[in-house]
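Q: The following block contains the structure, expressed as C-alpha cells.
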Amino acid sequence: MDAQGTTSADGLFTVDGQRVDPPQTTFVSAPFVPHTLEAAAGEEVAPGERHPFLDWLDDPAASRARSVATPLVDSTFVARYGGTQYELTLTTTGGVNAVEPATFQSDPPSGDLWFDADVQVTLEALPRTGFAFLAWSGALAGQANPATFAMSSPLAAGADFELVYAIAETSVGLPAATTLEVQLQVENGTPPVSWSVVGGTLPTGVRLSRTGLLSGASLDLGRFDVTVQAVDASGLPASADIALDFLPPSLSIEQLVSPFLLSGPPLTDEEINFLNRQGNRVAPYDVGDFRAWVLADPTLPLSAEV
Numbered sequence: 009m010d011a012q013g014t015t016s017a018d019g020l021f022t023v024d025g026q027r028v029d030p031p032q033t034t035f036v037s038a039p040f041v042p043h044t045l046e047a048a049a050g051e052e053v054a055p056g057e058r059h060p061f062l063d064w065l066d067d068p069a070a071s072r073a074r075s076v077a078t079p080l081v082d083s084t085f086v087a088r089y090g091g092t093q094y095e096l097t098l099t100t101t102g103g104v105n106a107v108e109p110a111t112f113q114s115d116p117p118s119g120d121l122w123f124d125a126d127v128q129v130t131l132e133a134l135p136r137t138g139f140a141f142l143a144w145s146g147a148l149a150g151q152a153n154p155a156t157f158a159m160s161s162p163l164a165a166g167a168d169f170e171l172v173y174a175i176a177e178t179s180v181g182l183p184a185a186t187t188l189e190v191q192l193q194v195e196n197g198t199p200p201v202s203w204s205v206v207g208g209t210l211p212t213g214v215r216l217s218r219t220g221l222l223s224g225a226s227l228d229l230g231r232f233d234v235t236v237q238a239v240d241a242s243g244l245p246a247s248a249d250i251a252l253d254f255l256p257p258s259l260s261i262e263q264l265v266s267p268f269l270l271s272g273p274p275l276t277d278e279e280i281n282f283l284n285r286q287g288n289r290v291a292p293y294d295v296g297d298f299r300a301w302v303l304a305d306p307t308l309p310l311s312a313e314v
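Read in order, the letters of the sequence shown correspond to residues 9 to 314 in this note's numbering.
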C-alpha cells in the first residue's frame, strides 16, 4: 500500500482494522481472501490543516474503506491525496448526564468537520429533545443559527445550550378518602419517562407508579410536600416539588351510623379505612372511630349534628 500527494505513508492505512506503518505496508495473503483496506481521511500537515483523501489510483470510484480480494499476483494499492482542508473544532456546553445537547448539520456535509480551504460553510445546531440552543461562541460568536462562515484557516467555536426538560407544574387538592388519579407530566422529554419519589413521603393510601400516575385514596389529612424525579429515555433528569393537600371528607351522620344501624347511605371502603385510621386504628370501624371523628375538630360539619 502506498500514497501519492503526501509527505509519507506513515499511519495512513489499515488492513482489516489493523494499522500498517512503514516498513510493514506490504502484507501477505493467500489468493481470493477478502480484506478491508482503509485509507485515512487526510494527512495532517499542521494543526487543523490536512491534505484530504481524493481516491484510489486503481479504482477512483471506490470508497475510502474498500473491500478487496487478494489477487493472484503482487499488487499495490495507491491512495491519492491532494488539496487543503481546514478543521472546525467545535465544543458544546449545556449537556447533562453525558447526554450531548445537539447534533450538527453542515453544508457542504462533513462528518468530521473538515472542509476544503476557502469554501463557504453553513452549520446548523439541531438541539435534542430537552435542550434549547442559546448562542455560538468563539469564531462563530454573534452569528444566528444556522451560522455561515468561510474556511480560510482552522477555526475553533462553541455552541451553548440550556436544559428545557422539566416537570409540568402540578398541585393536588381534594378530600381524603376520595379516589385519586392524576397523571404527572413532563415538558420537552423523550418517552418513556421513569418516575420516583426522592423527597418527602406520600400520605398513606397514595402511591406513585413508575409511569407517573398518582393514584389511591389518602387515609391522612393535611398538606404533603414531596419531591418527584422524572428521568426520560435519553437519561435526562428533572425534579420538582409538588403539594398534595387532603381536606376532611364530607360525611353525613346517616353515613357514619349506617354500619351500626345496617341502614342508610353506606360508607365506601375508602371512607371506612379513613375513619379507622383517624380513630383508634383497630379494625373494623367501630363506635370509637365514630366518636373520634366527630370530636376531633369542632369546626367539622358533623359536630353541630351530634
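All C-beta atoms, glycine included, are put in the ideal place defined by N, C-alpha and C.
All of these numbers come straight from a predicted model, not from anything done at the bench.
Rounded to a whole number of angstroms, what is the C-alpha to C-alpha distance between Leu171 and Phe268?
A: Counting from 1 along the sequence shown, the entry for residue 171 is found at position 163. Counting from 1 along the sequence shown, the entry for residue 268 is found at position 260. Whole-angstrom Cα-Cα distance: 58 Å.
Q: If you draw a straight line from the C-alpha of Pro183 to the C-alpha of Asp277, how long is it?
A: One-based indexing of the sequence shown puts residue 183 at position 175. One-based indexing of the sequence shown puts residue 277 at position 269. So the two alpha carbons sit approximately 15 Å from each other.
Q: Could you have a look at Leu264 and say whether DSSP puts it in helix, strand or coil?
A: For the purposes of this step, residue 264 is taken as the residue at position 256 of the sequence shown. If DSSP states are grouped into helix, strand and coil, Leu264 belongs with the helices.
Q: Could you check whether Gln237 and Ser223 sit closer than 8 Å to each other, using their CB atoms as the reference points?
A: Numbered from 1 along the sequence shown, position 215 holds the residue referred to as residue 223. Numbered from 1 along the sequence shown, position 229 holds the residue referred to as residue 237. Taking 8 Å as the Cβ cut-off, Ser223 and Gln237 do not qualify as a contacting pair.
Q: With a threshold of 8 Å, are at least 3 pairs of Cβ atoms found where one atom belongs to the segment 221-235 and the other to the segment 132-152?
A: In short, these stretches do not touch, since the Cβ pair count stays below three.
Q: Just curious, the beta strand (DSSP E) that Phe21 is in, first and last residue?
A: Position 13 of the sequence shown, counted from the first residue, corresponds to residue 21. Run containing Phe21: Phe21 to Val23, per the beta strand (DSSP E) assignment.
Q: Give the straight-line distance between the Cα atoms of Ala251 and Ala174, rounded to the nearest whole angstrom.
A: Stepping through the sequence shown from its first residue, residue 251 is reached at position 243. Stepping through the sequence shown from its first residue, residue 174 is reached at position 166. Approximately 17 Å between the Cα atoms of the pair.
Q: With DSSP collapsed to three states, give me the class of Leu182.
A: In the sequence shown, counting from the first residue as 1, residue 182 sits at position 174. In this structure, Leu182 counts as strand in the three-state DSSP scheme.
Q: Name the DSSP bridge partner or partners of Arg173?
A: Stepping through the sequence shown from its first residue, residue 173 is reached at position 165. Note on residue identity: the sequence assigns Tyr, not Arg, to residue 173. Partner(s): none; Tyr173 has no beta bridge.
Q: Buried or exposed: Asn284, going by 16 or more other Cβ atoms within 10 Å of its Cβ?
A: For the purposes of this step, residue 284 is taken as residue 276 along the sequence shown, with counting starting at 1. With 16 or more Cβ atoms within 10 Å of its Cβ, Asn284 is classed as buried.
Q: According to DSSP, is Gln151 helix, strand or coil?
A: For the purposes of this step, residue 151 is taken as the residue at position 143 of the sequence shown. Of the three classes helix, strand and coil, the one that applies to Gln151 here is coil, per DSSP.
Q: Rounded to whole angstroms, what is the Cα-Cα separation between Gly13 and Ala47?
A: Here residue 13 refers to the residue found at position 5 of the sequence shown. Here residue 47 refers to the residue found at position 39 of the sequence shown. Between Gly13 and Ala47, the C-alpha separation is close to 13 Å.
Q: With respect to the beta strand (DSSP E) encompassing Ala38, which residues constitute its N-terminal and C-terminal limits?
A: Along the sequence shown, one-based indexing puts residue 38 at 30. Premise fails: Ala38 is in no beta strand (DSSP E) and is neither H nor E.
Q: Could you compute how far the alpha carbon of Gln263 sits from the alpha carbon of Ile280?
A: Indexing the sequence shown from 1 puts residue 263 at position 255. Indexing the sequence shown from 1 puts residue 280 at position 272. Cα-Cα distance, rounded: 10 Å.
Q: Determine the DSSP secondary structure at Phe85, reduced to helix, strand or coil.
A: The sequence position of residue 85 within the sequence shown is 77, counting from 1. Coil, per DSSP.
Q: Assign Ala69 to one of three DSSP states: helix, strand, or coil.
A: For the purposes of this step, residue 69 is taken as the residue at position 61 of the sequence shown. Correct three-state label for Ala69: coil.
Q: Using three-state DSSP, classify Leu300 as helix, strand or coil.
A: Within the sequence shown, numbered from 1, the residue matching residue 300 stands at position 292. The amino acid occupying residue 300 in the given sequence is Ala; Leu does not appear at that position. Of the three classes helix, strand and coil, the one that applies to Ala300 here is helix, per DSSP.
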